[in-house]
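Note sheet for the following structure.
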Amino acid sequence: MRVKQTGSFAVELALVLVFASGLFLVVVNYMLAINKKGQLDRAAYSMATILAERKQLFSADLDICAGDCRKTEHETYSIASASLKRMIPNFEKSKLGMRIDEVRLQETLLPSGKIQYKRIQKTLTKGAIHGCDFPDMSDITKDKAVELLPVTSRGRRLPLYQVSLCYEIPVNLIGVANGEMLRLISTSYSFARV
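In the numbering used here, the protein residues as written are 5 to 198.
In structure tokens form, the structure reads like this:
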């Protein structure tokens, strides 16, 4: 009788250990993903803040490109990837994608004294953006933009900037072996500061 109990105890112990190990792997994988998401959130917020500082860093030019979109795109991507490299020990720049959107209103004073608005949207992308489901600001219509965008004391409407970062990580610890990947996306918004 003791031999049967020892055998069943070993089987039950093995099942409990397999279940506990699986649960442990899921929790560790989830913690790693949350950690990377937090680092991505910090980088996206920092980039949105940098782009919003129009007076200090961009000579009060509200246009996100300030005449050279490729330069803005390259410099912003370089800052974001350098920041993430310091935060994530095994960071791979080839797995980072970035999208920057700007929505602003161009005002034209009509002879009747009314102001006519024209909605302008610019989008800059760089890096590994394939498969990243970035939020889109195209649903902000001209009327929504008139309501949403703040007006300065000098009567200028400030643009809205959106910075989205996408980083590819393995889906799970087992996913490393079969190549399944998950794309973490973090987005931050900011109005221009002049």
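For every residue, glycine included, the Cβ atom is placed at its ideal position computed from N, Cα and C.
Residue i by DSSP, collapsed to three states: which one?
i                 : result
methionine 141    : coil
cysteine 170      : strand
serine 12         : helix
phenylalanine 195 : strand
leucine 162       : coil
serine 190        : strand
glutamate 77      : helix
valine 155        : strand
To the nearest whole angstrom, what separates the beta carbons of residue i and residue j, a pair I think is in contact under 8 Å?
i              : j             : result
glycine 26     : tyrosine 81   : In fact, because the Cβ distance is near 38 Å, the residues do not count as touching under 8 Å.
threonine 127  : arginine 103  : 7 Å
lysine 40      : isoleucine 83 : The pair is not a contact, with the Cβ atoms about 18 Å apart (cut-off 8 Å).
isoleucine 133 : glycine 101   : 4 Å
alanine 37     : tyrosine 165  : Incorrect: roughly 27 Å between the Cβ atoms, too far for contact.
tyrosine 171   : lysine 99     : 6 Å
Can you find the residues in the same chain that come closer than 6 Å, C-beta to C-beta, to residue i, ignoring five residues on each side of it along the sequence?
i                 : result
serine 192        : Ala48, Tyr49, Ala52 and Val167
glutamine 110     : Lys122 and Ile124
valine 175        : Glu184 and Leu186
phenylalanine 138 : Arg103 and Ser168
glutamate 106     : Ile68, Lys126, Pro163 and Tyr165
Please list the terminal residues of the continuous alpha helix (DSSP H) segment that includes residue i.
i                 : result
isoleucine 68     : Per DSSP, isoleucine 68 belongs to no alpha helix (DSSP H) and is neither H nor E.
phenylalanine 128 : Sequence inspection shows leucine at residue 128; the phenylalanine mentioned does not correspond to that position. First-last for leucine 128: 119-131, but that is the beta strand (DSSP E), not the alpha helix (DSSP H).
valine 150        : 146-152
Taking the beta strand (DSSP E) that residue i belongs to, which residues open and close that run?
i             : result
glutamate 111 : 100-113
Applying the criterion that 16 or more other CB atoms from any shown protein chain within 10 Å of the CB defines a buried residue, is residue i buried or exposed?
i             : result
serine 142    : exposed
glutamate 151 : exposed
isoleucine 3  : Residue 3 lies beyond the range of the chain shown here (5 to 198); nothing can be said about it.
glutamate 16  : exposed
Starting from the C-beta of residue i, find all residues in its chain whose C-beta is less than 7 Å away, skip the five residues before and the five after it, and write them out in chain order.
i            : result
glycine 135  : Arg187
alanine 86   : none
leucine 113  : Ile119
aspartate 45 : Ser190
Can you give me the Cβ contacts of residue i inside the same chain, cut-off strictly under 8 Å, excluding the 5 residues immediately before and after it?
i            : result
valine 155   : Arg161 and Leu162
cysteine 73  : Lys126 and Leu128
histidine 78 : Lys130
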